Every structure is written in structure tokens, then in C-alpha cells.
Amino acid sequence: MAKRRLILVALIVLAVGAFFLSGAADFLSLENLKAEQARFHEWLADEPVTVIGGFFVLYVVMAGLSLPGATLLTVLGGALFGLGWGLLIISFASTIGATLAAAIARTLARGPLEKRFAPQLERINAGIRREGAFYLFTLRLIPLFPFFVINLVMGLTRMRLWTFYWVSQLGMLPGTAVFVNAGRELGNLESLSGILSPGLIGSFVLIGLFPWLARGVVAVAKRRRLASRYDRPARFDHDIVVIGGGSAGLVASYIAAAVKARVVLVERDRLGGDCLNTGCVPSKALIRAARVVSELRSAGRYGIHAEAPRVDFTQVMGHVHHAIREVEPHDSRERYEGLGVEVIAGEACLLDPWRVQVTGEEGERVLTTRHVIIASGARPRVPDLPGLGDIEVLTSDNLWQLETLPCRLVVLGGGPIGCELGQSFARLGSQVSLVEMGSQLLPREDVDTAAALRQRLEAEGLSLWLDTRAVRVEAGAGQQGGHVLVVERESSTGETLTERLDFDELLVAVGRAANVAGMGLEALGVETRNDGTLAVDESLQSVLPNVWACGDVAGPFQLTHASAHQAWHATVNALFGEFKRFRVSYRALPAVTYTDPEVARVGLSEKEARAQGTEFEVTRYELSELDRAITEGLTEGFVKVLTVPGKDRILGATVVGHGAGELLSEFTLAMTHGIGLNKLLGTVHPYPTWSEAAKATAGVWKNTHKPERVLGWLERYFAWRRGGAEKSIAPVVPTGLKQSEGKTRDMRS
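Whatever position you read off the sequence shown (first residue = 1), add 1119 for the working numbering.
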């Protein structure tokens, strides 16, 4: 196989070399083609088979090798053969050449490029799985990318070459006709005044308008394909029906109402969703209470001595529910109805893409709508673990109904939720054991990030069981009337060890599952991904062109701010997508784990960059060097920034430490608006603040990229100004000041 590849590469190199060395690239210019037009016509009249055959082979070779000049050859074909024969010849030649290019790309590069560009190719493969041949047809009909790029990229996918051929044959036909027609008009020119002929002007106008016209044709084709399966209403009562009143649904409803669209919001439970009722708000209130306990216990290091704190768990939960009630009006029915949103309590089910049946206390009601936005959220995932059904399991949903503090708590899952809640309950007084199947906490983060959190959790008394698999639950088999979680892990010698963990309560935090059942989506052909989320494209459109999804149900990031980010895109694309479509980007999406220390990241981690094959440089700054951290005695943690090698463009930033989520915002702003580390370094930061860590990190980067040659010239220049050459003198560090601290102060000033 390798030998065949080498032979193929050699043949391609020879063909490309021959093309350029022969002067064909220079010959294929509009001026030369026009000058030789008469001779071509004579040759065609004398030897039609030779000319047509030669033209056909030349076109196939150029398209197959992705050589420049195919567009001019198309114009020439129109000038030589006219619209009918020109379109027939070029249509088949271009399609065969495109298929050849795809086959070459597949043979030479699919294996290695699939590994290096897996995320990018997966998006294309997902589009093919979602829309089949119509996905390629859309790319062909709307030439957003050059055809040769589509040939090469599609060759790397799993699409069958026969499917690629016939779809390309149909999809490229309209565009080919436009260019052939332009060539036919050029061929009819007899004088320069003919350049302004209506036919020629119309041909070039058509070339300019073709992408827009094609986009409209594709949209109409999608709607007709949909309408052929269902009975489309003659008129609609609403512009948008939003299903789900969580973070994504509320934002979508707000945006639609703000632009005066008629919108209905359907929620079966409580407005505000998980974030308000069981997620962000209650968990942060609990974390704050637990942090107060920790601060009281460690107050002695500041010279403040207090009695050991006494935790009243009932009052702690009272504080949690008070926080929910205080935030609740922001997400209330009254507020959204005041904004112009019709709010309906009930279960929603799509009868077809335009009809939504709502069943609630007031009976059944069928809503007709131009668009539907699915924002039904997610729920805690409970594993199929033997014996788990014999006990009452805690999740992030029902945890807030606890009335007594668990004495012994086992947390299943070492992700953000498990770490946040595990640390909080340990600080409140529970004996916490945290079980994680992977080798580190926070599996998405880098090893050094997870290690910093692990060190703190172990110091606070949590028992961490990494590389450990839960096997079963034995109800009532534990000491003091508790239960037992049986786990397995591998010893240093490779032996499988079985352990028994006693617990009073088991908190399951192994992820969340999208809420997709019961809405009629499966019957309408709306597919789900392997992780259970709804399959949508980069504009958040499903396989049904008027059904969109956002938030936890769409993934891939189940975060409140990610839901709001998606909701804007889904709503704007639904209402105005026929004019302009916005692709949702997660490049600068921040995420924070609210442990102590906090873990915050935006953009790429080292682990993700390596997986994607992205080259990067790492700049690291320890918070132990930051004056504000020293004064507060909170020196634990670091700032780590990934940049393009040799440049200050930020690829990602990770912050571990006190207030990491707040500090991360400066890096998020920088990534969003293309601000590099040089500009962060040139921004005045107040002293002493935590935000100085961002500037100090930029200073570390600058110090490693300083122009040594220029500095050498400057050193000699200043020596000359002083009156002669002198030896370099090492900088004097004041007594009692560490060298690292001196560097920090130099960078700050």
C-alpha cells in the first residue's frame, strides 16, 4: 500500500511539474484564450473528435490534480462549443475530474489527516450522516468554498465515491451553466463595444448573484422536501415556540420578544430550569457557606482565634433556598409575560414540524409556528449499577431536599459537580470519599491543573479513589446501619483489588443526559448523537430546517452561559437565517469549576492542543509571586497561557487559584477580540490586585521573547554614549529580596 502511494505521489508530482514547465499555466489566461479563439474554432471544424476529446481529457486532468485554470477552461468551453455542447462536455469532465481528486485525496491522505483533523472532519461527517447526499448537494449548489477544496475535503470523509459523483454531477450543473454561458457571450464579441452588450453583462451579473440565488433554491428545496411529508399550515399563529424554560429557553424567548416576534414559551415544571432550582444558584450558595466554615477554621494563621465553627445544616439549607427565592423573580412568569412572551405550563410534543401540542392543566392546545426551538435541558445521569435501585440515590436534582448532614458521603464521579459538592460537604463536616474511574480529577483538564486540586482536597481530608471502578451497591450491609459501595482498582503489581466503602448517602455525579424523549422528535426523524444530545449543525439547525436546539439538550457544553450563547444563535438564525446565518463558536467559551482553589479555563488546554495536533507555547506564572496573593495568604495556584509559537496570540488560558473565574475574564475578552499578550502587558492594572496576574503572565511571555540581538546593540550603544566599551555588570538584587520577586517587580513596572 505504501509503495502504491509513493508511485501515485510521484506521478502527480510529474504531472504538476509538466503542467507548469510547459507554460500551460501562463497560456491559460483570458488574453491568450481570446487571442487564440479563432484558431481554436478552425481546429474544431477540421478535427472535432480530437479537439473535444483533448479538451475533455485536459479538463479531467486539471480538475483531478486541482490545478489552476479550470474556471477559464469552463469559459473557453462556452466560447468554443456553445451553451448546449459546452455544458454537456464540461459537466461530465468536471465531475469525473472532481471524483478523481476525491479518490486521490482519499488514497493518499485520509488515514493521517483523519487523526490530525478529527474534530473538523467529524463535523463534516456529521452533516453527511444528518442530511446524506443533500449535504454535498448544498455545498455544490452554494459555492461558499472553491470546488477543488470541496473535492479534497469530501475525499477524506466516508461518503461513497459513487454518491459523490452523481451528487456533484447535479450540484455543479447550475454553476457550470452560468460560466459556460459567460464564455458563450465572450465568444460572440466582435468588437470592444460588445463588452457592454446586455447578454454579457447579464452573464456576469448572474455569476455574482448565483451564490445568493442558489442559497434561496436550497432553502426552498428543504422546505418543499419537508412539506411533501407533512401538511404545512397556510398561516401560522406564532413565529417561534420555545420548548423548555431553563437558561437557553428563557434567553431565546427574550431575544424573540425583543425583536417583536410572536413567541410562546412552554415549560412543564419550573421556570429557571436546573440553573436556578437545582444547579448554579443553590450549589454556589452551598459552596459559599462551606467556604465560610473553612475560613473560620483557618483564621488562626491571620492571628484571629475563634471557636471551632458549629454547622447547623438546616440553616445552611435555609440559606440555599433563600438564594433561590431571591433570584427567582429574574426568571418569573410575570417578568417574561411583561416582555411580551406567552408562557404556557405543560408538556410539549411536536405533531409535525409546524404544530406543537401542549398538554397541561388547561387541557390540550395545538400551536402552529414557523419555527420550534428545543431547549429542554438535561437531567443527572444515573448509571446502571447493581443494587443502586435498592437505595435512595442523591443527585444534583434532589440533593437540596436533604434535612440532615450526611455523616459518611460517597461521591461517584470526579468531574466539576462531584468535586464542588464533595469539597463543600467535607467542609461542612461530612466524611467524604470521592470515586473516579479515571486517573485524575476533572478529566478534561491538564494533569497539573488536576494535581493542584487533588492536593487541596486531600489536605482537607477527602478520601480520593482514582482509577477506581464502582462494582455494586449493597444496601444495609454497612456499619451503623449504612450501605456499602463495592469498588475495584488495580494495585501497583497489576492485581485487581476489591474494596468496600461504607456510606450513609451516595451522591451520583457522573454527567448529565439530554432530555429528548416525549417530544415527538424521533418520529419526525430528528436524530441524536452518540452522547444523547440532539444532532444539530453549527447554526444549531436540526435535520428539519425549522426545528432548532440549544442549551444542554444540544451540547457539547452543559453550562449556563453556553446555553445563553447558543440561544442567541438559534433564535437569530431561526428568525433571520434566510438573510444571514451565524455559526456558533466555542473558541472563547470560558468554564469554571467552583472548588477551592477555583479552576477556570478558556480555549485550549495542553491536552486538547496535543490531541488536535496544534502547535503551542506555554507561559506559566505562579500566584505565589503575586503581591496581592501574598498579602492575603492565598498563594496557591498558577496562570498558564497557551500561545501560537513565536507569537502573542492566545490559544487558551487556565487559571487555578482564588477567584480564578473572575481573573479568567480578561483572557476571555482577549481571545474574543483578538487581543494578544503584548497589549495585555501594555494595559495599566491597579496595584495590588488579582488582575495583575494577567499582566505578569504577559510579562513572563515577553521576557522569553525579548529581542536579544537588538538588546545587544543597545548595550553597545549605551556603552559608547558613556564614553567607551565596558563589561556587562550583573544586576544587583537588594538584600532579602528573592531573584524571582525582583523579576516580578521589574515586569510590573
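All C-beta atoms, glycine included, are put in the ideal place defined by N, C-alpha and C. Being a predicted model, the structure only gives us computed values, none of them experimental.
Give me the Cα-Cα distance between residue i and residue j, rounded to the nearest whole angstrom.
i	j	result
V1915	H1684	There is no way to answer for residue 1915, as the model of the chain reaches only from 1120 to 1868.
V1360	E1447	23 Å
G1674	G1778	27 Å
G1818	G1302	59 Å
P1352	L1653	25 Å
Y1870	L1184	The structure shown does not extend to residue 1870, since the chain is modelled only from 1120 to 1868, so the question has no answer here.
Q1520	P1502	21 Å
V1475	P1401	33 Å
S1417	V1603	33 Å
T1679	A1376	20 Å
N1634	Y1373	22 Å
G1831	R1739	26 Å
L1643	A1217	34 Å
G1508	G1600	18 Å
I1223	F1355	50 Å
E1593	Q1677	32 Å
L1227	E1657	29 Å
P1499	G1422	43 Å
K1766	H1792	16 Å
I1794	F1786	9 Å
K1379	D1358	10 Å
N1085	V1655	A question about residue 1085 goes unanswered here, because the residues of the chain that appear run from 1120 up to 1868.
V1439	R1588	32 Å
W1809	L1782	7 Å
Classify residue i as helix, strand or coil using the three-state DSSP reduction.
i	result
E1811	helix
I1209	helix
A1545	helix
S1417	coil
E1426	coil
H1440	helix
Q1559	coil
E1481	coil
K1403	helix
D1388	coil
T1488	strand
H1461	Reading off the sequence shown, one finds Glu at residue 1461, where the question assumed His. Strand at E1461.
S1704	coil
V1475	strand
L1540	helix
G1201	helix
Taking the CB atoms as reference points, tell me whether residue i and residue j lie closer together than 8 Å.
i	j	result
G1294	L1255	no
G1548	L1524	yes
R1420	L1504	no
E1539	Y1713	yes
A1686	A1425	no
F1894	T1190	For the chain, the structure presents residues 1120 to 1868; residue 1894 sits outside this window and is missing.
T1405	I1510	A small correction: the amino acid at residue 1405 is Leu; Thr does not occupy that position in the sequence shown. No, Cβ-Cβ distance for L1405 and I1510 is not below 8 Å.
R1720	A1710	yes
A1296	L1206	yes
G1365	D1393	yes
Check for me: the alpha helix (DSSP H) holding residue i runs from which residue to which?
i	result
T1690	1679 to 1695
D1450	That residue, D1450, is in no alpha helix (DSSP H); it is neither H nor E in DSSP.
Y1178	1167 to 1183
K1726	1725 to 1731
S1372	1366 to 1377
G1780	1779 to 1791
I1794	Unbroken run through I1794: none, as it is neither H nor E.
A1569	1566 to 1578
Name the two residues that bound the continuous beta strand (DSSP E) containing residue i.
i	result
G1836	It is Tyr, not Gly, that sits at residue 1836 in the sequence shown. Careful: Y1836 lies outside any beta strand (DSSP E), inside the alpha helix (DSSP H) at 1827 to 1841.
P1499	1497 to 1499
S1582	1582 to 1584
P1709	1709 to 1712
S1611	Segment: none, S1611 is in no beta strand (DSSP E) and carries neither H nor E.
A1632	1631 to 1633
D1471	1466 to 1471
R1527	1527 to 1531
W1667	1666 to 1668
G1756	1756 to 1762
G1776	1769 to 1776
Assuming residue i and residue j are in contact, meaning their beta carbons sit under 8 Å apart, how far apart are those beta carbons, in whole angstroms?
i	j	result
G1597	D1567	Not really, about 36 Å apart at Cβ, beyond 8 Å.
L1469	V1491	6 Å
G1078	L1560	The structure shown does not extend to residue 1078, since the chain spans only 1120 to 1868, so no value can be given for it.
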